[in-house]
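K.L.:
Read top to bottom, the protein sequences are chains Z, V, H and F.
Following our numbering, the numbering of the first sequence begins with 5 at its first residue and continues without gaps.
Following our numbering, the numbering of the second sequence begins with 7 at its first residue and continues without gaps.
Following our numbering, the numbering of the third sequence begins with 85 at its first residue and continues without gaps.
Following our numbering, the numbering of the fourth sequence begins with 122 at its first residue and continues without gaps.
Backbone N, C-alpha and C define an ideal beta-carbon position, used for all residues, glycine too.
All values reported here derive from a predicted model rather than from experimental measurement.
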Amino acid sequence: MATQAAFMPGAQAKEQGVLWSWLTTVDHKRIGILYGSTAFIFFLIGGIEALIMRLQLARPDNTLVSAQTFNELFTMHGTTMVFLAIMPMSAAFFNFMIPLMIGARDVAFPRLNALSYWIFLSGGLFLNASWLFGMAPDGGWFGYANLTSAQFSPAHSIDFWMLGLQILGVSSMLAGFNFIVTILNMRAPGMTLMRMPVFIWMSLVTQFLLVLAFPAITVALILLMFDRFFGTLFYLPSAGGDPLLWQHLFWIFGHPEVYILILPAMGIVSEVLPTFARKPLFGAPVVIYSGIMIGFFGFGVWSHHMFSVGMGPVADSAFSIATMLIAVPTGVKILNWISTLWGGSIRFSTALYFSLGFIAMFTMGGLSGVMHASPPVDLQQTDTYFVVAHFHYVLFGGSIFGLFSGAYYWWPKITGRLLDEGLGKLHFWLMMIGFNVTFFPQHFLGLIGMPRRIYTYAPDLGWNFWNMVSTIGAFVIALSFVVFIYNVIKTTRTGQVAGPDPWDGRTLEWSIPSPPPVYNFARVPTVHERDDFWLGKYGDGHGGKPRGAPAPVTAAELAAIHMPPPSYWPILLAIALSIMVTGIMISAYQIIVGGLLTLFLMYKFAMEYHRPPEGHGH
Amino acid sequence: MTKRLFSASTARTVVLLAGVALSLSSCGWSLWDNPMTTVRPKSDFGRWSDEIFMLISWTTLVIFIAVEGALLYACWRFRDRPGAPIPKQIHGHTVLEISWTIAFAVVLLIIGIPTIKLIFKTQEAPAATALRVDVAGKQWWWEFSYPEFKITTANELHLPVGQSVAFDLHAPDVIHSFWIPQLGGKRDVVPHRVNRIVMTPAVPGEYLGQCAEYCGMSHANMRFRVVVHPKGEFDAWVKAQQAPPAESTDPLAQQGKTLFAQSACVGCHTIAGVSAGQIGPNLTHFGSRKSLAANMMPNTAANLAKWVENPDHLKPGARMPNLGMSGEQSKAIAAYLLSLK
Amino acid sequence: MADHAVPHAAHDPNIGTTGLDHRKMGMWIFLGSDCMFFGSLIGTYLAYKGKSLSGPGPHDVFNIPLTSYSAALLLASSLTMVLALAALQHNRVKAAAGWLTATALMGLHFVLNQVYEFWSFAVHEGLKLSTSLFGSSFYVLTGFHGAHVTGGVIWLLLIVSLALRGKIDARDYTKVEVAGLYWHFVDIVWIAIFTVIYLIP
Amino acid sequence: MAEAHAPSTAQPAHGGGHASVRTYVNVAIVLAIITAVEVATLYIHGIPNWLLVSSLLLMSAAKFYLVVGFFMHLKYDSNVMRSLFVGPLIIAILIILAVMALFSAYILLPRTYP
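1. Could you check if V:I104 is buried or exposed, using at least 16 other CB atoms within 10 Å of its CB as the buried criterion?
2. Taking the straight line between their C-alpha atoms, what separation do you get for H:Y266 and F:L177?
3. By the three-class DSSP mapping on this structure, what secondary structure does Z:M229 have?
4. Does H:G235 have its Cβ less than 8 Å from a Cβ in chain F?
5. Going along the chain, which residues of its own chain have a beta-carbon closer than 7 Å to the beta-carbon of Z:M195, five neighbours each way excluded?
6. At the level of alpha carbons, what is the spacing between V:P327 and Z:T79?
7. Can you tell which of H:K212, H:F228, H:W239 has the C-alpha that lies nearest to the C-alpha of H:G139?
8. Look at the alpha carbon of H:T101 and the alpha carbon of Z:V528, and state the distance between them as a whole number of angstroms.
9. Run down chain H in chain order and give the residues with a C-beta less than 7 Å from the C-beta of F:K184.
10. Quick check on V:S55: does DSSP put it in helix, strand or coil?
11. Can you tell me the Cα-Cα spacing of Z:W514 and Z:P284, whole angstroms?
12. Counting only the same chain and skipping the five closest in sequence on each side, list residues whose C-beta sits under 6 Å from that of H:R255.
13. Could you tell me whether any Cβ in chain F is nearer than 8 Å to the Cβ of Z:H252?
14. Mapping DSSP to helix, strand and coil, what is V:W35?
15. Using only CA atoms, which one of H:A276, H:S214, H:E261 lies nearest to Z:G235?
16. List, in order along the chain, the chain Z residues whose C-beta lies closer than 9 Å to that of F:V220?
17. Looking at Z:L407 and Z:T344, is the spacing between their C-beta atoms short of 8 Å?
18. Closer than 8 Å by C-beta to V:T65: which residues in its own chain qualify, once you throw out the five before and the five after it? Chain order, please.
19. What does DSSP give as the partner residue(s) for V:H235 in the beta ladder?
20. Quick one: residues in its chain with C-beta nearer than 7 Å to the C-beta of Z:M584, no 5 flanking neighbours on either side, listed in chain order?
21. Between H:L157, H:S162, H:G123, which lies nearest to F:L215 when the distance is taken from Cα to Cα?
22. Closest to V:V370 by C-alpha separation, out of V:D140, V:M223, V:V68, V:L163, would be which residue?
23. Looking only at its chain, what residues have a beta carbon closer than 8 Å to the beta carbon of V:D170, apart from the 5 residues adjacent to it on each side?
24. I think V:A208 touches V:K321, with their Cβ atoms under 8 Å apart; what is that distance to the nearest whole Å?
25. Classify Z:T84 as helix, strand or coil using the three-state DSSP reduction.
26. Would you give the residue range spanned by the alpha helix (DSSP H) that V:A172 belongs to?
27. Let me check understanding here. Comparing Cα to Cα, which of H:M190, H:A155, H:S216, H:Y257 lies closest to Z:F238?
28. Can you tell me the Cα-Cα spacing of Z:I226 and H:G227, whole angstroms?
29. Grouping DSSP H, G and I as helix and E and B as strand, with all else coil, what is Z:N524?
30. Is there contact between the region 225–245 of chain V and the region 141–155 of chain V, where contact requires at least three CB pairs shorter than 8 Å?
31. Relative to the C-alpha of Z:S324, which candidate in Z:V273, Z:A154, Z:F98, Z:D382 has its C-alpha closest?
32. Under a Cβ-count criterion, where at least 16 other Cβ atoms within 10 Å of its own Cβ denotes burial, should Z:Y389 be classed as buried or exposed?
33. Since V:M205 sits in a beta bridge, which residues does DSSP pair it with?
34. Which bits of chain Z does H:L137 rub up against, with CB to CB less than 7 Å?
35. Give a yes or no on whether the minimum CB-CB distance between F:I217 and chain Z is below 8 Å.
36. I want to check one thing, is the minimum distance from the CB of Z:Y413 to the heavy atoms of the ligand FMN below 7 Å?
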């Protein structure tokens with residue numbers, strides 16, 4: 005048990021077959037790829053749901069789908085995009101890039117990392133399995149009480165949603181603990197916090213938001229579960245319960261969640277711009293502090309989602325002011341990004357296109373957000389398509405553009421091959437045009453009174469034209485992803501081989517081969533500055549000379565690298581946990597059996613490496 | 007591989023953004039005048055919100071143009087040129103950072119101060135002279151009661167022009183949101199508490215309202231109609247509503263009345279002098295209403311007969327059960343209900 | 085004892101480049117996160133305080149002497165927990181196992197007290213989960229705390245079983261320390277609950 | 122906080138070691154005394170409510186501090202560990218206070234309907 009044999013790269017995979025090696029992998033890079041590809045599939049599912057909704061809304065009084073189906077579609081679209089697409093796509097980059105960018109060989113808890121992925125997968129499958137049972141959730145991604153109570157939603161659809169989110173929450177929090185420890189505790193020698201790449205900083209803030217925001221929704225969902233299954237009265241108005249309690253708990257989670265979705269993209273942009281402008285990030289400490297400010301204030305603005313519920317003028321004013329304050333660090337970030345470009349020597353790669361798209365579109369989303377910070381204005385706009393437009397400018401124009409910037413930027417690092425730049429730019433322009441055609445008219449629709457979450461509308465309200473435009477735009481977006489998928493397929497075999505540093509990068513991940521070896525760094529680097537790799541190549545411009553190539557790595561150094569071997573406990577534990585949680589819908593015996601199994605597997609999991617390898621300590 | 011297509015792509019960016027700006031500035035204006043527009047306010051409350059909205063819109067438009075302009079200019083001006091040296095490695099500029107932080111704070115003050123003032127102004131207690139209307143949002147229709155006049159009606163709200171109105175909002179089932187876009191912002195209708203919204207309609211006319219908080223299957227069909235009357239007209243409307251329902255001599259309507267009184271209808275609906283059900287809409291003056299099923303369709307005999315026959319077919323999830331009425335029976339009931347002027 | 089972590093950092097996968105232990109840091113973050121969990125539950129309880137429409141109120145049912153005894157039990161178990169850690173750090177494995185057993189037993193006693201408390205509230209005072217907002221929020225809050233204690237008891241007993249099988253010695257003190265952090269946290273949550281829910285009128 | 126925890130420059134930071142068994146026992150005695158006083162205050166009549174509530178909160182904060190500081194060694198531990206726990210604790214307390222304020226607004230400032 006105490007002998008943790010040195011795991012030599014690749015050896016295990018050859019012995020045990022490809023599938024088994026992926027099921028048992030604890031390599032952060034493989035887990036990152038699993039996260040990314042799973043999330044992309046869920047992203048496509050969520051996108052198809054959106055297309056069906058757009059088709060339904062293309063014409064007034066349309067009957068393509070029923071009211072019930074439409075309500076299921078928008079519920080699942082929101083839930084899927086937030087929890088199964090954007091968050092895990094970010095997690096893919098956290099997994100793959102964090103260790104590489106801080107000069108580590110793996111994350112702090114590799115098996116916990118695998119566990120997070122398998123729990124995420126089971127949560128995603130569970131949530132989508134509801135379609136197969138004809139019981140897709142229909143309470144909205146926000147699931148406002150008391151519509152979700154047993155009285156108004158007696159079917160299991162809400163249970164699928166409630167338990168699915170609970171499972172996904174466990175996954176996110178485990179990943180959060182893991183990455184916080186990884187970032188704080190596994191940085192390469194010399195990499196102080198202020199020398200960390202800005203992407204790592206934004207990831208760190210995101211992880212803190214995750215581990216601190218998810219408990220609130222966990223509690224909200226627990227209360228809902230008790231209401232639905234055990235007869236408690238938390239959201240039951242007739243017993244004095246207040247449905248607004250749900251809204252408060254939900255948005256205490258939900259607003260930080262917005263920053264969970266956008267901060268990773270901001271981090272990516274903060275890496276891509278300096279690389280292609282060939283200039284350091286302007287005011288990097290300011291960008292970092294802004295990110296921290298956004299994260300911290302993110303916990304103090306939740307009620308701006310609730311201006312219309314009647315909290316009274318004092319609370320309205322307090323949350324309005326707090327919300328406006330949060331616009332300051334956000335605006336400061338945008339100006340710092342533009343200043344990074346200023347005076348640079350900008351190379352227009354696809355990755356940079358997407359980052360520029362991020363800045364342009366996120367600025368719009370941010371500015372329409374300022375409108376909602378003013379409660380009197382918000383009262384007209386909340387729950388209309390104006391808000392739909394606003395948050396798609398933030399989450400699609402922001403997060404998705406940012407994540408695709410990261411995808412084009414790090415693709416060569418992950419796969420060893422470059423994506424085709426021509427197809428990439430086609431993807432960008434189709435997505436940019438399609439996105440604006442889809443969502444810009446929704447500002448108009450909101451201002452002329454179209455409420456959200458309606459499956460049909462009357463023909464005489466002046467909404468027909470813009471709805472049709474919006475639907476057409478949605479299909480242009482879909483086309484852009486066809487181009488992306490084609491690009492991926494085409495370049496997998498024939499793409500140009502990237503080499504370790506295709507973009508003339510600035511951070512540590514570009515100092516190692518593409519794709520990186522299992523152990524990442526043959527020799528753990530020592531860091532002297534932010535953008536250390538760049539300074540090593542070019543000097544600091546103030547007389548600091550470029551550093552020469554490092555001494556070649558010796559066989560003895562390679563032999564001394566210990567990597568954790570694969571483990572099948574994470575996937576088993578994830579299965580057991582799912583058995584336990586889903587038992588709530590099926591039978592108490594299943595909960596007990598699943599619970600005991602979970603406990604047993606946790607014990608086996610913990611005891612797999614009871615002791616560190618021999619030679620430690622004394 | 008990263009250096010090609012520069013000028014062409016920039017040109018496309020410019021064209022695209024110009025197009026966006028154009029659509030913002032030119033085609034926008036002509037389409038604001040719609041039945042549920044929020045930017046042509048017809049009440050004091052709506053007008054105040056709209057003033058702040060315009061203030062923020064213009065402010066943010068200036069910022070928008072400045073930021074996007076700077077972005078595009080930077081992309082054009084500092085594009086990579088062949089053989090260009092490594093640019094100067096600038097790490098930041100403290101004075102700049104401080105000054106744009108302050109600039110943002112100033113902009114927010116410009117927006118924030120009137121906002122806070124307006125929050126308090128719009129949430130003051132209503133004047134003693136204000137007309138009180140109790141609004142109940144139910145799955146999926148609206149009930150309006152005027153306690154001063156002892157009138158209850160459904161899905162059609164009648165208001166006098168120029169008089170302050172205080173709506174007290176109740177929700178017996180789930181959360182809804184009361185919204186008449188042309189008369190101002192919405193206020194959620196929350197079980198367990200009574201919310202209030204106060205406004206003074208300024209222009210007579212017909213407006214549309216709709217539930218704006220997702221409330222279940224037929225949320226999209228929870229609409230209502232608002233009629234703002236000139237003063238005298240409103241009084242006449244009140245009088246008509248207070249009167250007992252008209253008695254029709256039409257035999258079909260008479261037959262319908264008998265059917266109504268003998269069937270399950272009476273369990274849910276009130277018709278003064280006939281029944282006293284509390285669950286569904288009050289039908290005492292149903293014939294005077296212009297629309298049916300929470301403003302889903304015109305209140306015609308044909309529509310009404312279809313509705314009585316199978317409510318769920320017209321309005322998914324409708325709480326009114328299918329009573330198994332035959333075509334003849336439902337036509338009779340429709341004739342009766344429409345006679346209730 | 086591993087007093088010099090840095091030289092070994094390259095070998096021990098649990099020690100990071102800052103010289104801090106991953107597991108300990110992870111536990112602290114978990115506890116920070118759990119603060120939000122109990123914070124939300126306590127917030128719920130307080131939001132609903134005094135808003136029940138019926139049923140017995142808090143001070144009709146509370147058995148303060150019993151709960152004070154439970155609170156004292158948990159505090160005492162915190163002491164035995166640190167004593168266990170101190171013993172293990174000096175490689176006195178048997179003593180450590182003894183203190184751990186004492187800790188777990190006190191925890192178990194606490195849980196049994198709570199079971200008795202719930203039972204007597206339900207049977208004698210007529211306060212059930214579905215009686216009133218107070219019943220709902222009280223049982224869910226204290227019940228989740230009780231579940232945390234139960235989890236802790238199982239954890240401690242597993243460590244005791246390892247110790248009895250000779251699988252734990254001074255090298256493994258971090259395992260006990262991390263379990264201890266969790267245990268003390270459960271204790272401080274009870275300190276808060278005891279004051280906010282039981283004592284404050 | 123940033124520069125103080127540069128990797129490889131930090132001191133080895135271990136729990137234990139800094140506090141002796143004697144300290145632990147002393148802390149436990151103080152905890153027991155505070156608890157006794159807490160419970161005792163309940164049985165003294167005539168204390169004004171504000172004084173009772175604030176003294177109870179103060180005493181439980183003291184207990185909280187003692188357990189976290191000594192039993193959990195946070196007093197001796199690295200700044201990283203301290204901020205990992207104290208930061209979230211502060212956010213949690215602020216949120217509890219905000220929720221209380223939001224839900225009591227209806228009691229403190231009743232909206233009078235004529």
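P.N.:
Let me lay it out:
1. As a position in the second sequence, residue 104 of chain V is number 98, starting the count at 1. Exposed, because fewer than 16 other Cβ atoms sit within 10 Å of the Cβ of V:I104.
2. In the third sequence, residue 266 of chain H corresponds to position 182, counting from 1. In the fourth sequence, residue 177 of chain F corresponds to position 56, counting from 1. Those two C-alpha atoms are separated by around 25 Å.
3. Counted from its first residue, the first sequence places residue 229 of chain Z at position 225. Three-state DSSP puts Z:M229 in a helix.
4. Locating residue 235 of chain H in the third sequence gives position 151, where the first residue counts as 1. Not closer than 8 Å to any Cβ of chain F, the Cβ of H:G235 fails to qualify, so no.
5. For the purposes of this step, residue 195 of chain Z is identified with residue 191 of the first sequence, where counting begins at 1. Hits under 7 Å: I106, G107, V531.
6. Looking up residue 327 of chain V in the second sequence gives position 321. Looking up residue 79 of chain Z in the first sequence gives position 75. So the alpha carbons of these two residues sit roughly 27 Å apart.
7. Within the third sequence, the letter at position 55 stands for residue 139 of chain H. Comparing Cα-Cα distances from H:G139 to each of H:K212, H:F228, H:W239, the minimum goes to H:K212.
8. Along the third sequence, one-based indexing puts residue 101 of chain H at 17. Along the first sequence, one-based indexing puts residue 528 of chain Z at 524. H:T101 and Z:V528: Cα-Cα distance of roughly 11 Å.
9. Here the question's residue 184 of chain F lines up with position 63 in the fourth sequence. Correct list: I275.
10. Stepping through the second sequence from its first residue, residue 55 of chain V is reached at position 49. Reduced to three states, the DSSP call for V:S55 is helix.
11. Within the first sequence, numbered from 1, the residue matching residue 514 of chain Z stands at position 510. Within the first sequence, numbered from 1, the residue matching residue 284 of chain Z stands at position 280. C-alpha separation (whole angstroms): 16 Å.
12. In the third sequence, counting from the first residue as 1, residue 255 of chain H sits at position 171. None.
13. Start at 1 with the first residue of the first sequence, and residue 252 of chain Z comes out as number 248. Yes, its Cβ sits closer than 8 Å to a Cβ of chain F.
14. Numbered from 1 along the second sequence, position 29 holds the residue referred to as residue 35 of chain V. Unreliable placement is indicated for V:W35, whose pLDDT of 47 sits below 50; the coordinate value is still reported in the next sentence. Helix, per DSSP.
15. By 1-based counting over the first sequence, the position of residue 235 of chain Z is 231. When only C-alpha atoms are compared, the closest one is H:S214.
16. In the fourth sequence, residue 220 of chain F corresponds to position 99, counting from 1. The answer, in chain order, is L249, H252, L253, I256.
17. Sequence index remark: in the first sequence, residue 344 of chain Z carries index 340 (1-based). Sequence index remark: in the first sequence, residue 407 of chain Z carries index 403 (1-based). No, they are not a contact pair.
18. Numbered from its first residue, the second sequence carries residue 65 of chain V at position 59. Hits under 8 Å: V113, I116, I117.
19. Against the second sequence, residue 235 of chain V aligns to sequence position 229. Residue pairing by DSSP puts V:H235 in a beta bridge opposite V:P166.
20. Here residue 584 of chain Z refers to the residue found at position 580 when the first sequence is read from its first residue. Closer than 7 Å at the Cβ level, and outside the excluded window around Z:M584, lie I595, G598, G599, T602.
21. Residue mapping note: residue 215 of chain F aligns to position 94 of the fourth sequence, counting from 1. The shortest C-alpha separation from F:L215 is found at H:G123.
22. Here chain V comprises residues numbered 7 to 347, so residue 370 of chain V is not present and cannot be evaluated.
23. Here residue 170 of chain V refers to the residue found at position 164 when the second sequence is read from its first residue. Here residue 170 of chain V is Ser; the residue named in the question, Asp, does not match the sequence. Cβ within range, chain order: P132, A133, T135, A136, L137, V204, M205, T206.
24. Counted from its first residue, the second sequence places residue 208 of chain V at position 202. Counted from its first residue, the second sequence places residue 321 of chain V at position 315. Incorrect: roughly 33 Å between the Cβ atoms, too far for contact.
25. Here the question's residue 84 of chain Z lines up with position 80 in the first sequence. In this structure, DSSP gives Z:T84 a helical state, which the three-state scheme calls helix.
26. The residue given as residue 172 of chain V occupies position 166 in the second sequence. No alpha helix (DSSP H) contains V:A172, which is instead part of the beta strand (DSSP E) from 171–176.
27. The count along the first sequence starts at 1 and reaches residue 238 of chain Z at position 234. Measuring from the Cα of Z:F238, the nearest candidate turns out to be H:S216.
28. Within the first sequence, residue 226 of chain Z is the residue found at index 222, counting from 1. Within the third sequence, residue 227 of chain H is the residue found at index 143, counting from 1. Roughly 12 Å between the two C-alpha positions.
29. Within the first sequence, residue 524 of chain Z is the residue found at index 520, counting from 1. It is coil, neither helix nor strand.
30. By the Cβ test, the region 225–245 of chain V is in contact with the region 141–155 of chain V, since at least three Cβ pairs between them sit closer than 8 Å.
31. Within the first sequence, the letter at position 320 stands for residue 324 of chain Z. When each option's Cα is compared against that of Z:S324, the closest is Z:D382.
32. By one-based count along the first sequence, residue 389 of chain Z stands at place 385. By the 10 Å Cβ count, Z:Y389 comes out buried.
33. Looking up residue 205 of chain V in the second sequence gives position 199. V:M205 is bridged to V:V171.
34. In the third sequence, residue 137 of chain H corresponds to position 53, counting from 1. Neighbours of H:L137 on chain Z, chain order: A243, G244.
35. Looking up residue 217 of chain F in the fourth sequence gives position 96. Not an interface residue.
36. Among the components of this structure there are no ligands whatsoever, and the ligand FMN is therefore not found.
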